[in-house]
Amino acid sequence: MTAGARATAFTTSAFTGLGLLVRLALRRDRVRLSVWVGALTLMMAYAPAAMELAYPERRNGSRASA
């Protein structure tokens, strides 16, 4: 094998092993990710009700008299 052929045979990409690392991270954090997704979903569902509780005078687009 020549020096040029040997150099190209061992050349790797910058993304070598990235898939394995992402898979490992997802496997390790699957519970944490599930909790985050669930919490964010519940917060998005609760936000409109919280706005109604915080600003009760603004219903149906009408303004309170000043």
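Under the UniProt record's numbering, read the sequence shown as residues 1 to 66, first letter to last. Just so you know, even glycine gets a beta-carbon here, dropped at the ideal spot from N, CA and C. Source: prediction; values computed, not measured.
Asked	Found
Bounding residues of the alpha helix (DSSP H) (the contiguous stretch that carries E52)	R30 to A54
Nearest-angstrom Cα separation, counted from W36 out to A47	16 Å
Whether L33 touches L26 by CB criterion (9 Å)	yes
Three-state secondary structure assigned by DSSP to G19	helix
Span separating the alpha-carbon of M44 from that of T16	38 Å
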